[in-house]
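Residue numbers (the numbering used here), protein chains in the order written: chain A, -2 to 94; chain B, 3 to 576.
Quick look at the structure:
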């Protein structure tokens, strides 16, 4: 089960499993954000390369307009994957909001 | 107590003496003290010079007199002499002049130099009418015993009988209690050496059971890891009671020590056998199974010293292969050498069943043995169940069979099951991804795989499966995935048929330090797999056009991967 939405503070909150099956849904949602956006991943259990691809594409688009994604609340498992893929160098990763 | 109107002088002193004996009914005296008390009371109440008590030994129908501590008691057949006559008739015999009575045996007088003039002989019969013995009171101080003395003596005798009988029964109870405690202690020693937990062994499910019979039997078992191997032991000492319980425990301890010190199978078996041959009584021996499981080569080598049958369920053929003993029971005779051990290969789904005689030889009310066929039938029904379920079913099957006939011997089981990999096939579509996740969850639970490896395995399954879907569009075959437990982790295999080769191990590495402009999502999945797996192997069969990717994950491997990142050292897996 994967969900993605904006909360009352305007942050994007993603939860569940972001895999190849739901990557198009995540992409469609993130195609609609602008500027600098905080993405809360505290409830995200799992991410594969398909999910990383969604974040990469969104980051490239936002950086073109001077914005970016700010990722918060990564679990140790997720953090490992960001490190192994070098994505920790491409995103600002904060422990919490 | 029988009161007689004709009694002339039952004074307070006499009464107190009788009541004193009555009171002592409850005193925790041993037998000889109680006898002394009884005789003293009789002498006092009847104003007699001497007294003695013969106890009746019903087992041999003899009268026995305890003379003194350390001296063998005097025994005589229950029909002999005045005491014997009294025991037979259970009536008081009052002899005013002993030497005038033909039943009187003067040998005691001759031996002691004492002269018996008159004698009152009284049966000691308890409340339940059981003859406890005979009391004799000798030489009333002023004349002979009269009718009043007889009445008084009868009252006293009834009390004495009850007191003595109680002491005798207490003594028997104490003896029984001592025996019970000794048995319990032996049982405790026996139980304490049984392994408290099974070693965890990837790809194997080892179950054990030890159900003791009420009296100590002589079974034991052991399952222990020695280096990479697993030592399996089941022993059954002949007989019941303390000695077999202790000797089988000794055998188990010696085997454990021998293997821990690096002895091979034959050396351990021969040395323990020879030591037992030295120490066990000549009529004692221990039937035993001593085996070594190699969980990498999936082979079991064993010696069976008179322990049998050893059953090997061969899953592929759905049959049982029965193995007999390779040697004599342990301790039966010294051995200089052994024949080659029996060797068998355990394929996935195979079972090795080592059960003690208690299973096979349990009888029902008609004395029919439970037997091998019934064991095999239950095992076949549950051939895919866990070893614990299987053993439980065997015990329940035996209980139903015995139908309350009572357990006759210890029942001990060591069951080794080589697990079958968990396998599934998936349609070649992205829609199958949730089914992949469910499959991994089920496989991890069934194979008891460390849950911390789940993320890495899920990632590999998804990445490789999606690659196979993307690049294998020409194939209509399902994609097969299998998982098996390995030491400390899991082995995952994906098989894709009717496809062109796609070797993930041959992909160029992703430059993780590249600036974002040049980063692309492609190749990232395979890169992550190679970072997170302990090993990745690729095979392609050109005939079946089949790609097989085999991945291994362990806790150690994942810790090393994390550490490598922390060190900033280069990718250790590439």
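Note that beta-carbon positions come from the ideal geometry of N, C-alpha and C, so glycine has one too.
Going by beta-carbon coordinates alone, are residue i and residue j separated by less than 8 angstroms?
i	j	result
residue 91 (chain A)	residue 69 (chain A)	yes
residue 43 (chain A)	residue 460 (chain B)	yes
residue 277 (chain B)	residue 263 (chain B)	no
residue 33 (chain A)	residue 94 (chain A)	no
residue 80 (chain B)	residue 64 (chain B)	yes
residue 294 (chain B)	residue 231 (chain B)	yes
residue 449 (chain B)	residue 467 (chain B)	no
residue 175 (chain B)	residue 58 (chain B)	no
residue 465 (chain B)	residue 559 (chain B)	no
residue 662 (chain B)	residue 279 (chain B)	As shown, chain B starts at 3 and ends at 576. That puts residue 662 (chain B) outside it, with no answer to give.
residue 286 (chain B)	residue 245 (chain B)	yes
residue 487 (chain B)	residue 425 (chain B)	no
residue 26 (chain A)	residue 13 (chain A)	no
residue 521 (chain B)	residue 66 (chain A)	no
residue 376 (chain B)	residue 403 (chain B)	yes
residue 211 (chain B)	residue 397 (chain B)	yes
residue 473 (chain B)	residue 503 (chain B)	no
residue 169 (chain B)	residue 61 (chain B)	no
residue 265 (chain B)	residue 409 (chain B)	no
residue 307 (chain B)	residue 330 (chain B)	yes
residue 243 (chain B)	residue 196 (chain B)	no
residue 367 (chain B)	residue 405 (chain B)	yes
residue 261 (chain B)	residue 268 (chain B)	no
residue 482 (chain B)	residue 427 (chain B)	yes
Can you name the residues of chain A whose CB is closer than 8 angstroms to the CB of residue i?
i	result
residue 481 (chain B)	None at all; the shortest Cβ gap to chain A is about 14 angstroms.
residue 526 (chain B)	46, 49, 50 and 82
residue 2 (chain B)	Look at the range of chain B in this structure, 3 to 576, and you will see that residue 2 (chain B) is not part of it.
residue 328 (chain B)	Near residue 328 (chain B) there are no residues of chain A at all, since even the closest Cβ is about 51 angstroms away, more than 8 angstroms.
Anything in chain B within Cβ reach of residue i, meaning under 7 angstroms, just list it in chain order.
i	result
residue 162 (chain A)	Given a span of -2 to 94 for chain A in the structure shown, any question on residue 162 (chain A) remains unanswerable.
residue 27 (chain A)	The premise fails here: residue 27 (chain A) is roughly 14 angstroms from chain B at the closest Cβ pair, so nothing lies under 7 angstroms.
Could you pull out every residue in the same chain whose Cβ sits closer than 7 angstroms to the Cβ of residue i, ignoring the five residues on either side in sequence?
i	result
residue 358 (chain B)	221, 236, 238, 412, 413 and 414
residue 75 (chain A)	38, 41 and 44
residue 259 (chain B)	none
residue 51 (chain A)	20, 23, 24 and 27
residue 167 (chain B)	128, 132 and 134
residue 391 (chain B)	384
residue 96 (chain B)	122, 147 and 152
residue 6 (chain B)	Because residue 6 (chain B) sits at a pLDDT of 40, beneath the cut-off of 50, its placement in the model cannot be relied upon, and the following sentence gives the value as read from the coordinates. Excluding positions up to five away in sequence, the list reads 153.
residue 118 (chain B)	100, 111, 140 and 141
Anything in chain A within Cβ reach of residue i, meaning under 7 angstroms, just list it in chain order.
i	result
residue 514 (chain B)	82 and 83
residue 530 (chain B)	46, 78, 81 and 82
residue 457 (chain B)	43 and 74
residue 1 (chain B)	This structure cannot settle anything about residue 1 (chain B), because the visible part of chain B is limited to 3 through 576.
residue 556 (chain B)	Simply none; closest approach about 16 angstroms.
Once you ignore the five residues that flank residue i on each side, which residues in its own chain have a CB closer than 8 angstroms to its CB?
i	result
residue 1 (chain B)	The structure shown does not extend to residue 1 (chain B), since chain B is modelled only from 3 to 576, so the question has no answer here.
residue 4 (chain B)	Low local confidence applies: a pLDDT of 42 at residue 4 (chain B) is under 50, so the model's placement there is unreliable, with the coordinate-based value given in what follows. Correct list, in chain order: 153, 156 and 157.
residue 282 (chain B)	249, 288 and 333
residue 9 (chain B)	Only weak support is given to the placement of residue 9 (chain B): the predicted model assigns it a pLDDT of 44, under 50, and the question is left unresolved by the model.
residue 510 (chain B)	525
residue 573 (chain B)	Below a pLDDT of 50, predicted positions are generally treated as unreliable, and residue 573 (chain B), at 41, falls in that range; the measurement from the model is reported next regardless. Around residue 573 (chain B): 511, 532, 533 and 566.
Within its chain, find whatever has a CB closer than 6 angstroms to the CB of residue i; leave out the 5 residues flanking it on each side and keep chain order.
i	result
residue 351 (chain B)	317 and 422
residue 337 (chain B)	272 and 275
Just the chain B side, please: which residues come within less than 8 angstroms of residue i by C-beta, in chain order?
i	result
residue 56 (chain A)	518
So which residues on chain A does residue i lean against when the C-beta distance must stay under 9 angstroms?
i	result
residue 523 (chain B)	46, 47, 49, 50, 51, 53 and 54
residue 534 (chain B)	77, 78 and 81
So residue i packs on residue j, CB below 8 angstroms; how close in whole Å?
i	j	result
residue 551 (chain B)	residue 506 (chain B)	6 angstroms
residue 250 (chain B)	residue 288 (chain B)	6 angstroms
residue 530 (chain B)	residue 46 (chain A)	6 angstroms
residue 492 (chain B)	residue 555 (chain B)	5 angstroms
residue 547 (chain B)	residue 514 (chain B)	Not really, about 34 angstroms apart at Cβ, beyond 8 angstroms.
residue 290 (chain B)	residue 309 (chain B)	6 angstroms
residue 88 (chain B)	residue 125 (chain B)	5 angstroms
residue 48 (chain A)	residue 8 (chain A)	So it is not a contact: roughly 18 angstroms between Cβ atoms.
residue 416 (chain B)	residue 225 (chain B)	6 angstroms
residue 136 (chain B)	residue 85 (chain B)	4 angstroms
residue 477 (chain B)	residue 430 (chain B)	7 angstroms
For residue i, go through chain B and note every residue whose CB falls closer than 9 angstroms to its CB, in chain order.
i	result
residue 87 (chain A)	517, 518 and 521
Check your understanding: Are three or more beta carbon pairs between the stretch 192 to 208 of chain B and the stretch 415 to 431 of chain B nearer than 8 angstroms?
Key -> yes
Exercise for review: Inspect the CB distances between the stretch 211 to 228 of chain B and the stretch 158 to 171 of chain B and report whether three or more fall short of 8 angstroms.
Suggested key: no
Practice item. Taking 8 angstroms as the threshold, find out whether the stretch 285 to 304 of chain B comes into contact with the stretch 339 to 347 of chain B through three or more Cβ pairs. Key: yes
Exercise for review: Assess, as a yes-or-no matter, whether the stretch 129 to 140 of chain B is touched by the stretch 48 to 57 of chain B under the definition of 3 or more beta carbon pairs within less than 8 angstroms.
Suggested key: yes
Exercise for review: State whether the stretch 483 to 500 of chain B contacts the stretch 5 to 17 of chain A, with contact taken as three or more CB pairs (one from each stretch) at a distance under 8 angstroms.
Suggested key: no
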